[in-house]
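Chemist: Residue numbers (my numbering): 612 to 881.
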Ligand code: SF4
Ligand code: SF4
């Protein structure tokens, strides 16, 4: 390898740097790729009085804003409502009797460009009916470290199970704390809904649910839940007795605590 030409800046084994020939600059023209670009403004240059007042004109924008209405938002002390169509945190919706709309089809996960959704489906059975029809989403996760809140997943959902709320307060103390599980994402039970699992309304099919024909729970559904889960807080008898509602998911609760803490800190007079 003795006759291999030495590269520029390389030290030979003897430790002595061989003298290098001087670098001759290569002539370039302005149209050549990689040639240094000379910036020339096409704005007409002010002359005379205009040139004299040009710096003051720049400060004129600043001065004009001194007298305009301030737009500082005192977040988190004062929360300004978002626009109604703002894409915030997701929600897994329910039908009027409390059954879940998600059927575990995974279309949302396939539509997601950020690979932020993970779904595992399972079969509904007579004793474990979570959604109308054959299948339900047993595992449902959204990773908010990946999600870009683009909304493609909600467009893909065939049952309108997945929608987006206006909630933008998404923070967590750990990476794992930003993965929202199904229990965190499920819509809270509204008045009259029963928590899942429970049977479908008698004599209906999943199509009736999709068409909005189910408008609430029936006595037979309430009896079924009372027989299988007498302590269920969503039972009308337990609601009347003032039983506390079922706790929300751990991540949703942690988020609520973080938000409440930040809001309290924002209110503190320093
Ligand atoms: S909003 Fe966009 S990035 Fe977020 S989960 Fe849905 S498809 Fe994925
Ligand atoms: S949220 Fe909608 S698209 Fe996603 S698995 Fe459930 S039903 Fe399918």
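Think of the CB as a built atom: it goes at the ideal place given N, C-alpha and C, for glycine as much as any other residue.
Can at least three beta-carbon pairs, one atom from the segment 708-725 and one from the segment 683-693, be found at a separation below 8 Å?
Modeler: As far as the Cβ criterion goes, the segment 708-725 does not touch the segment 683-693, which means the pair count is below three.
Chemist: For residue 700, does the count of other Cβ atoms within 10 angstroms reach 16, so buried, or fall short, so exposed?
Modeler: Counting from 1 along the chain shown, the entry for residue 700 is found at position 89. It is buried - the Cβ of residue 700 has at least 16 other Cβ atoms within 10 Å.
Chemist: Measure the C-alpha to C-alpha separation of residue 808 and residue 800 and round it to an integer number of angstroms.
Modeler: Stepping through the chain shown from its first residue, residue 808 is reached at position 197. Stepping through the chain shown from its first residue, residue 800 is reached at position 189. Near 13 Å, if we compare the C-alpha coordinates of residue 800 and residue 808.
Chemist: Give the C-beta separation of residue 810 and residue 763 to the nearest angstrom, bearing in mind that I take them to be a contact with Cβ-Cβ under 8 Å.
Modeler: Translated into positions along the chain shown, residue 810 becomes position 199. Translated into positions along the chain shown, residue 763 becomes position 152. About 34 Å; that fails the 8 Å criterion.
Chemist: Quick check: residue 805 and residue 744, are their CB atoms within less than 8 Å of each other?
Modeler: What you label residue 805 is simply residue 194 of the chain shown in a count that begins at 1. What you label residue 744 is simply residue 133 of the chain shown in a count that begins at 1. Result no, Cβ atoms of residue 805 and residue 744 do not sit closer than 8 Å.
Chemist: Need the endpoints of the beta strand (DSSP E) that residue 669 sits in, please.
Modeler: For the purposes of this step, residue 669 is taken as the residue at position 58 of the chain shown. It is not in any beta strand (DSSP E) - residue 669 instead sits in the alpha helix (DSSP H) that spans 660-677.
Chemist: Which one of 798, 790, 873 has the shortest CA to CA distance from residue 776?
Modeler: In the chain shown, residue 776 corresponds to position 165, counting from 1. Taking only the C-alpha atoms, the option nearest residue 776 is 798.
Chemist: Let me make sure I understand the geometry here. Which of 813, 702, 780 has the alpha-carbon closest to that of residue 793?
Modeler: Locating residue 793 in the chain shown gives position 182, where the first residue counts as 1. Of 813, 702, 780, the residue nearest in Cα terms is 702.
Chemist: From the DSSP output, which residues share a beta bridge with residue 748?
Modeler: Here residue 748 refers to the residue found at position 137 when the chain shown is read from its first residue. For residue 748, which the question treats as bridged, DSSP gives the partners 732.
Chemist: Compute the minimum distance between the beta carbon of residue 872 and the heavy atoms of ligand 1, and state whether it is under 7 Å.
Modeler: For the purposes of this step, residue 872 is taken as the residue at position 261 of the chain shown. The answer is no for residue 872.
Chemist: In terms of residue numbering, what span does the alpha helix (DSSP H) encompassing residue 796 cover?
Modeler: Walking along the chain shown from the start, residue 796 turns up at place 185. Counting along the chain, the alpha helix (DSSP H) containing residue 796 begins and ends at 793-796.
Chemist: Less than 8 Å between the beta carbons of residue 713 and residue 755, yes or no?
Modeler: Position 102 of the chain shown, counting from 1, holds the residue named residue 713. Position 144 of the chain shown, counting from 1, holds the residue named residue 755. Going by C-beta atoms, residue 713 is not nearer than 8 Å to residue 755.
Chemist: What would DSSP say about residue 710, mapped onto helix, strand or coil?
Modeler: Taking the first residue of the chain shown as 1, we reach residue 710 at position 99. Of the three classes helix, strand and coil, the one that applies to residue 710 here is coil, per DSSP.
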